[in-house]
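Peer 1: Per the working numbering, the sequence shown starts with residue 33, numbered consecutively.
Even for Gly, the Cβ is constructed at its ideal location relative to N, Cα and C.
The structure that follows is given in the form of structure tokens.
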Amino acid sequence: MPERNTMTQPISILLCALGGEGGGVLADWLVDVARHAGYPAQATSIPGVAQRTGATTYYLEVYPLPHSQLQGRLPVLGLNPLPGRLDALVSSELLETARQIGNGLASADRTLVISASSRALTTAEKMTMGDGRRPEGPLLDVIAAHSLRHHVMDMARLCQESGTLVSAVMLGAIAGSGLLPFKRDDYEAVLTGPSKAAQASLRGFASAFDLVTRQREQAQYVEQVMKPVAPMTSASPALPVAVAAQFPALLHPLMGLAHQRLVEYQGPAYARLYVQRLERLLDAESASADASHPVTAEASRWLALWMAFDDIIRVADLKSRASRWDRVTQEVKAQEGDVLKVYDHFKPGVPELAALLPQGLANRLLRWDRARVARGQAPWSMPLKVARHALWGMASLRFLASLRVLRPLGSRYATEQALIEEWLGGIEAATRQSPALGLELARCGQLIKGYGSTNERGKDNLLHILRHVCGPASKLPLHERAAAVAQIRQAALQDEAGQALDQALRQHGAPARPVKEQPVLWMKNPRLQKS
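Okay, here's the thing in structure tokens:
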């Protein structure tokens, strides 16, 4: 909640409950909690109509300073809510929450909204011959748009699980929100008693308190993660002086990150290969009047990501880093003395293992797996469960990570480098003819993402665009190719099946992608096996 400039404004809360749900009890509880904690408080009620047919609202104000600091003075507290001045709106029914927001009581820059997700159908909804229920989505949108923070929860389920009324659950949600300057003990002191009803109220209070507390922690974590990243400055990894002298200063921040990533991935020689490839594009773009070098800038990002492709070695390296252990420890909130065990699950198949082998051995292994699939068997894989916290588990991961020196000997390394060279050659040739076309081909690098079949599909789509839209067989005039590539690339990112991509290809005179052969798997009928 926003900090107050002074401590002279009371905290204002509007409680909304249906008749018979204990709204008055909740208001009395809150006043008793304030008195128990030593704070001034005042509550007024606005009765509704008969039980279960109308809403009853209660308005509460709590002064944020205890009596001990007021030196005998008493604050003047209000009797009714003012539009846009509520600090909290608490409601036991979703439509009632939206109705109070519609009255202008809540505001997006101040109000905390706590609401049940359940509905009590109105008379108009019940009168409809068919399904007259109003959709809940628009109501949730209203809450999100007119609240500073909001907690929407299934209060009915919490009540059922704890065996209490919704008033206890609402009290726990208010306590968990941190809105009021009271301790949890102050709330529980009001509810504590020998009766079964008191014990049920404490259970309902605890369930809502824990739920809202978790939601607050998650929201704070997401807010921290989603904070805008500061523009890259000199704090970004620095390029070697010799490399920086060859490229415009505008490219240095991104290239510095890429250079550091590739040094970690494979070593300085691999990072030099990245620089040499960008030099070719920069030279091809030298005739362009655009001093920002957009083709080189765009390619620098996707080229680094492609060159640092994910394989078993890369995954093992990332999973065994100390920074990952620190992150997991923070996520699970492990404290000093807690025992934390982390298990990493792997399921490498033949393609992953063949990627590490020379081309000849890799082809033999892949043919063997394809033959298995052709006979109706599942592709071979080896499920693994590695204990990251154990000595042997960490040693296994570090051993796999150390195999990066052998990566250039593997079949996948050779395949990826050949595809990268074909893509860069297409960008270079296109840039010399049309900088706009070269830029669009560089942007096609975003098609390469993920791993497994997703990664293979992205590479196939990129090569198809390169060969059939921009290649010698293309029927498109040169001045139309840039727009065509942009449209086809966007279509390729729309759906996984690639139907939009094939349609866009045919629209621009290029053939649709060839249909890949898929083995027919025959499944045995389990009923026949039993008989």
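1) Considering M185, what are the terminal residues of the alpha helix (DSSP H) in which it resides?
2) Starting from S147, follow its DSSP beta bridges and name the residues at the other end.
3) Quick check on V547: does DSSP put it in helix, strand or coil?
4) Report the residue from A387, L397, V108 and V405 whose alpha carbon sits nearest the alpha carbon of E549.
5) Relative to the alpha-carbon of I520, which residue among D322, R559, Q478 and S485 has its alpha-carbon at the smallest distance?
6) Go through the segment 401 to 464 residue by residue and report every complete run of the beta strand (DSSP E) that reaches 3 residues or more, in order.
7) So if DSSP puts S355 in a beta bridge, which residue, or which two residues, is it bridged to?
8) Just to confirm the assignment, what range does the beta strand (DSSP E) spanning H325 have?
9) State the start and end residues of the unbroken alpha helix (DSSP H) segment that holds H500.
10) Counting only runs that start and end within the segment 42 to 116, where is the alpha helix (DSSP H) found for 4 or more residues in a row?
11) Is it buried or exposed, W338, if we count other Cβ atoms within 10 angstroms and call 16 or more buried?
12) Please confirm whether S485 has its beta-carbon closer than 8 Å to some beta-carbon of chain C.
13) Reducing DSSP to helix, strand and coil, say where F241 ends up.
14) By Cβ distance below 8 Å, which residues in the same chain neighbour L398 in space, the five residues on each side in sequence not counted?
15) For F341, which residues in the same chain have their Cβ closer than 7 Å to its Cβ, ignoring the five residues on either side in sequence?
16) Taking the alpha-carbon of D3 as reference, which of L432, K417, L118 and M426 has the nearest alpha-carbon?
17) Mapping the DSSP letters down to three states, classify D376 as helix, strand or coil.
18) Using the rule of at least 16 other Cβ atoms within 10 Å of the residue's Cβ for burial, across every protein chain shown, is Y375 buried or exposed?
19) Note down the Cα distance separating V108 from A148, rounded to an integer number of angstroms.
20) For L118, which residues of its own chain have a beta-carbon under 8 Å away from its beta-carbon, when the five flanking residues on both sides are left out?
21) Could you tell me if A82 is buried or exposed, where buried requires 16 or more neighbouring beta carbons within 10 angstroms of its beta carbon?
22) Evaluate contact between the segment 123 to 132 and the segment 163 to 180, counting only Cβ atoms and requiring at least three cross-stretch pairs below 8 Å.
23) Rounded to the nearest angstrom, how far is the Cβ of T328 from that of L305, given a contact under 8 Å?
24) For the alpha helix (DSSP H) that contains A515, what are its first and last residues?
25) Here's the rule I'm using: 16 or more other beta-carbon atoms within 10 Å means buried, otherwise exposed. How should G470 be labelled?
26) Tell me whether the beta-carbon of V371 lies closer than 8 Å to the beta-carbon of D218.
27) Would you decide whether D349 is buried or exposed? Buried here means 16 or more other CB atoms lie within 10 Å of its CB.
28) Put G288 into one of helix, strand or coil per three-state DSSP.
29) Of all the options L508, H496 and R353, which has the alpha carbon lying nearest to the alpha carbon of L533?
30) Are V198 and A49 touching if we call contact CB-CB under 8 Å?
31) Can you tell me the Cβ-Cβ gap for L508 and H540, rounded? I've got them flagged as a contact below 8 Å.
32) In or out: A316 buried (at least 16 other Cβ within 10 Å) or exposed?
Peer 2: Answer, in terms of the structure:
1) Per DSSP, M185 belongs to no alpha helix (DSSP H); it is in the beta strand (DSSP E), R181 to M185.
2) S123 and V184
3) coil
4) V405
5) Q478
6) 416 to 419
7) In the DSSP output, where bridge partners are listed per residue, S355 has none listed.
8) Per DSSP, H325 belongs to no beta strand (DSSP E) and is neither H nor E.
9) G484 to H500
10) 55 to 69 and 99 to 102
11) buried
12) Reference to chain C is not applicable here, since this structure consists of a single protein chain.
13) helix
14) V382, P383 and A386
15) E448
16) The structure shown does not extend to residue 3, since the chain spans only 33 to 563, so no value can be given for it.
17) strand
18) exposed
19) 32 Å
20) S44, I45, L46, L137, A138, S139, R142 and T143
21) Per-residue confidence for A82 stands at a pLDDT of 42, beneath the threshold of 50, marking its modelled position as unreliable; the derived number appears in the next sentence. Exposed, because fewer than 16 other Cβ atoms sit within 10 Å of the Cβ of A82.
22) yes
23) About 16 Å separates the two Cβ atoms, so there is no contact after all.
24) L510 to A524
25) buried
26) no
27) buried
28) helix
29) H496
30) yes
31) 6 Å
32) buried
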